Amino acid sequence: MHKITYKREMAEKTVCHLKVEAPRIARKAKPGQFVVLKVNETGERIPLTMGGTDPATGLIDLIFQVVGKSTALMRTLNVGDSIQDIIGPLGKPTHIENLGKVICVGGGTGVAVMYPITKAYKEAGNHVIAIIGSRTKDLLILEDEMKAASHDLRVTTDDGSYGIHGFVTDVLRKILDEQKDVKLIVGIGPVPMMKFLCKLTKEYGVRTMVSLNPIMVDATGMCGACRVTVGGKTKFCCVDGPEFDGHEVDYDELVKRQRAYLTEEKVSMEQFKTAGK
Amino acid sequence: MAEKEEKEKKPKVPRQKMPEQEPKVRARNFNEVPFGYTPELAQLESSRCLQCKKPKCIEGCPVEIDIPAFIKLIQEGDFDGSARKLKERNSLPAVCGRVCPQEDQCEKVCIVGKKDQPVAIGRLERFAADWERTKGTITIPEKAPSTGKKVAVVGSGPAGLTLAGDLILKGHEVTIFEALHKTGGVLIYGIPEFRLPKDIVQSEVNYLEKLGVKVECNCVIGRIETVDEILQEYDAVFLGLGAGLPQFLNVPGENYCGIYSANEYLTRSNLMKAYLFPKYDTPIARGKNVAVFGAGNVAMDSARTALRLGADTVRIIYRRSRDEMPARIEEVHHAEEEGVQFYLLTAPTKFLGDDNGWVTGVECLQMELGEPDESGRRRPVPIKGSEFQLECDLAVVAIGAGPNPLLPTQTQGLELNKRGYIVADLETGKTSKPGVWAGGDIVTGSATVILAMGAGRKAANSIHEYLMNK
Chain C
133 MHKITYKREM
143 AEKTVCHLKV
153 EAPRIARKAK
163 PGQFVVLKVN
173 ETGERIPLTM
183 GGTDPATGLI
193 DLIFQVVGKS
203 TALMRTLNVG
213 DSIQDIIGPL
223 GKPTHIENLG
233 KVICVGGGTG
243 VAVMYPITKA
253 YKEAGNHVIA
263 IIGSRTKDLL
273 ILEDEMKAAS
283 HDLRVTTDDG
293 SYGIHGFVTD
303 VLRKILDEQK
313 DVKLIVGIGP
323 VPMMKFLCKL
333 TKEYGVRTMV
343 SLNPIMVDAT
353 GMCGACRVTV
363 GGKTKFCCVD
373 GPEFDGHEVD
383 YDELVKRQRA
393 YLTEEKVSME
403 QFKTAGK
Chain P
11 MAEKEEKEKK
21 PKVPRQKMPE
31 QEPKVRARNF
41 NEVPFGYTPE
51 LAQLESSRCL
61 QCKKPKCIEG
71 CPVEIDIPAF
81 IKLIQEGDFD
91 GSARKLKERN
101 SLPAVCGRVC
111 PQEDQCEKVC
121 IVGKKDQPVA
131 IGRLERFAAD
141 WERTKGTITI
151 PEKAPSTGKK
161 VAVVGSGPAG
171 LTLAGDLILK
181 GHEVTIFEAL
191 HKTGGVLIYG
201 IPEFRLPKDI
211 VQSEVNYLEK
221 LGVKVECNCV
231 IGRIETVDEI
241 LQEYDAVFLG
251 LGAGLPQFLN
261 VPGENYCGIY
271 SANEYLTRSN
281 LMKAYLFPKY
291 DTPIARGKNV
301 AVFGAGNVAM
311 DSARTALRLG
321 ADTVRIIYRR
331 SRDEMPARIE
341 EVHHAEEEGV
351 QFYLLTAPTK
361 FLGDDNGWVT
371 GVECLQMELG
381 EPDESGRRRP
391 VPIKGSEFQL
401 ECDLAVVAIG
411 AGPNPLLPTQ
421 TQGLELNKRG
431 YIVADLETGK
441 TSKPGVWAGG
451 DIVTGSATVI
461 LAMGAGRKAA
471 NSIHEYLMNK
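Chains C and P, in that order, give the protein sequences.
Sequential numbering from 133 applies to the first sequence in my numbering.
Sequential numbering from 11 applies to the second sequence in my numbering.
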């Protein structure tokens, strides 16, 4: 059992931030790694990337968007409640090194995943430019944190309600036109965002890493639910990833596999809503 | 004197059948297929045992259960005593009575079986264990005084559970680390409820906990802690990791939605209880036309699970012939009774899918048997131009499993073989790394529950000897 010690709702209550007791994981986890959790006895196992860890307090940060029953259920939990099972740290940590200039691009809740990675690149001595974006102002998360974690933060909204009007890729293109010494781009966000971001960075020939979030079950390499095609080869995202060379990923297959249980997810959600009434 | 009388008794009684659910009924529910013997049937069956002076059956058992002795106690009506006798050598009798391939082990060499059908040793084992669990009193055996030594067990499958049970009785402190959220390994995630009810596995683990074994779930060793870190705190480590890496067919289209590894399909259904969706949150694709690739026990389990999840047609597709099918005869028989169809000498060449990325069918080739291969089995050879298509909206790939590299490749000084399995002495379980033992599927490749238990037992003996001389 992992007790919740802190709760904050963000982005018009579509995103929730919990701090949860998981001392061993907090001690071991590195940027880029994730956990799998199961809220209660009848729950499913869902992967979530940690927005941060604190070895001193033994707490890990879970920042998640409410997208289905499990995350909706998690949002109903309060300080003092517990999550039954948390397994981690899983996946390979981000390979952090001092490369020179790095651009970290986060979209939607992907910003939460991006935050510890951005921080780590800065701490490793890189000059870090961060670009974060959302559909609209109220959905933007972690702006202050990302500002502190980078040297130069650009913010975009699709509807122009805040920051630069446009997509993160628009800003990125501009930077790549002006600055020729970018060594690495890290992009984390919705699959379409990562797909278009990689299309762009491929044009400029800049190495790009993405963090993928396919459906997982055990997340220890045992089931293959999370298989993704990278460079024409099947990889297990849970153990080979979650980060891959963004130019090699088959995003269309990933999107289709992510949507495999849409019908069931709807049934689950309906049942949850009815039960809550 | 009693022994003599028993000996003179001729096995006039035929081998007693175990009552079971009707195939048509059971193919639509997840309840266990056989009901088990009643006390009357068990005693009748036990009367068939000749109580041989030199019992062959014990030699046929990988953990050398004193089979005539436990059967004799059933004859005498002392069912609790019979279960205790079983547990002297086998800490998981209710499991083994269900999933051991007795026809290749104890029952294969049973003397009664020479002229008649052999004594139903497995069914009797199951009866005694079930009796103790549900109606009798479970006695906790006496433990040896504490040695102060600590043993870590990685993996809570049959090998790890057996080893833990043995070492705790010898006075050592034992902690099991399990990666999943529930203990039991393949017994929990792999073998379906209708073949091995999960409360049985749970009660076996509870028994170990009563003996003092500590269990820590959600610990992926290799990630949360390395083997070297464990060795700083423990005197010995046993790796009973299982063979948890699914093998795929490597044919085009294999990543379409609706194509599962058997591991994923069974884990969803068994461990996550997706068959009870939406009461449980984990979904599972319910196909109408299901293709299962492979013909081992896991393939049979997958095919029978698909039927229970509402499939109209379930086909086992296997590239060799019936004689080479690795599944237990009983499992094949159960599957056939329930309506699973067999497409033998058939190999898939590619999957077909729709615009949403869902599988719609599979293209196959007819095979014929050629010359024997390295395994001694006749190699299947494709027949040119024999391509044909089968419709399917769900496919399960059950062609075997390999070693999960997560822990082995992260452990320095641990020798692995070419295929990635841990190299360990088959008699002791000792690995190339001091203080580290291994056994079960992670050493031998996918095998049976009882062989893994045998490996756990041998490693327990070796670890005990090592700890007492340390």
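C-beta atoms are modelled at their ideal positions from N, C-alpha and C, and glycine is treated no differently.
Model, not experiment: these values are computed from the prediction.
Only exposed fits P/K153, as fewer than 16 other CB atoms lie within 10 angstroms of its CB. In the same chain as C/K201, and ignoring 5 residues on each side of it, the C-beta atoms closer than 6 angstroms to its own belong to S400, M401, F404, in chain order.
For the segment 215–229 of chain P, residues whose beta-carbon sits nearer than 7 angstroms to a beta-carbon of chain C comprise N228. Runs of the beta strand (DSSP E) lying entirely within the segment 256–316 of chain C, each at least 3 residues long, are 259–266, 284–289 in chain order.
In its chain, beyond the 5 residues on either side, V43, P44, F45 have a beta carbon closer than 7 angstroms to the beta carbon of P/E30.
According to the DSSP secondary-structure assignment, P/E397 is paired through a beta bridge with no residue.
In this structure, P/P207 is the residue among P/G232, P/G252, P/P207, P/A321 with its C-alpha nearest to the C-alpha of P/L281. Comparing alpha-carbon positions, the option among P/C67, P/D403, P/S92 lying closest to P/E117 turns out to be P/C67.
Annotated as proximal: P/T172 and P/G466, with beta-carbon spacing under 9 angstroms.
Among the residues of the segment 281–292 of chain P, those with a Cβ less than 9 angstroms away from any Cβ of chain C are L281, M282, K283, A284, L286, F287, P288, K289, Y290, D291, T292, in the order of the chain. The C-beta of P/L436 has fewer than 16 other C-beta atoms within 10 Å across all chains shown, which makes the residue exposed. For C/L191, the enclosing beta strand (DSSP E) stretches over residues 191–197.
Look at P/L255: its C-beta is under 9 angstroms from a C-beta on chain C. The alpha-carbon of P/V407 is positioned some 39 angstroms away from that of P/I178.
Excluding residues up to 5 positions away in sequence, nothing lies with its Cβ nearer than 6 angstroms to the Cβ of P/K34 in the same chain.
Taking a cut-off of 8 angstroms on C-beta distances, the segment 291–307 of chain P touches the segment 398–405 of chain P, as three or more cross pairs fall below it. Collapsing the DSSP output to three states places P/E188 in coil. Between the segment 49–67 of chain P and the segment 81–99 of chain P there are three or more C-beta pairs closer than 8 angstroms, enough to call the two in contact. Around the Cβ of P/R332, a 10 Å sphere holds fewer than 16 other Cβ atoms; the residue is exposed. For the set P/A313, P/K97, P/L319, P/L355, the Cα lying nearest the Cα of P/H344 is the one of P/A313.
For the segment 363–394 of chain C, the set of residues with a beta-carbon nearer than 7 angstroms to any beta-carbon of chain P comprises T366, V371, E385, K388, R389, A392, Y393, in chain order.
Per DSSP, C/M182 is one residue of the beta strand (DSSP E) stretching across 178–186.
Here the alpha carbon of P/D365 sits roughly 11 angstroms from the alpha carbon of C/D384. For the alpha helix (DSSP H) assignment, the uninterrupted runs of no fewer than 4 residues enclosed by the segment 318–397 of chain C are, from N- to C-terminal side, 323–336, 369–372, 383–390. Each of P/A169, P/E98, P/T236, P/T48 was checked against the Cα of P/K145, and the nearest Cα belongs to P/T48. Taking 9 angstroms as the threshold, the shortest C-beta distance from P/I432 to chain C does not fall below it.
Chain-order list of chain C residues neighbouring P/I186: empty, with the shortest C-beta distance near 16 angstroms, by a criterion of under 9 angstroms. Under the 9 angstroms criterion on CB atoms, P/F137 is classed as non-interfacial with respect to chain C.
Close to chain C, meaning a Cβ-Cβ distance shorter than 7 angstroms, are the following residues of the segment 361–379 of chain P: N366, G367. About 6 angstroms separates the beta carbons of P/I201 and P/V109, which is inside the 8 angstroms limit, making them a contact pair. Taking all protein chains shown into account, C/D350 has 16 or more neighbouring C-beta atoms within 10 Å of its C-beta and is therefore buried.
At least one CB of chain P lies nearer than 9 angstroms to the CB of C/A357. Close CB contacts of P/N39 within its chain, under the 8 angstroms cut and outside five residues either way in sequence, are with Q31, F204, R318 (chain order). Judged by DSSP secondary structure, P/F80 falls within the alpha helix (DSSP H) whose first and last residues are 77–85. A Cβ-Cβ distance of about 18 angstroms is found for the pair C/D276 and C/E144, leaving them out of contact under the 8 angstroms criterion. Counting the other CB atoms within 10 Å of its CB gives C/L386 a total of 16 or more, which places it among the buried residues.
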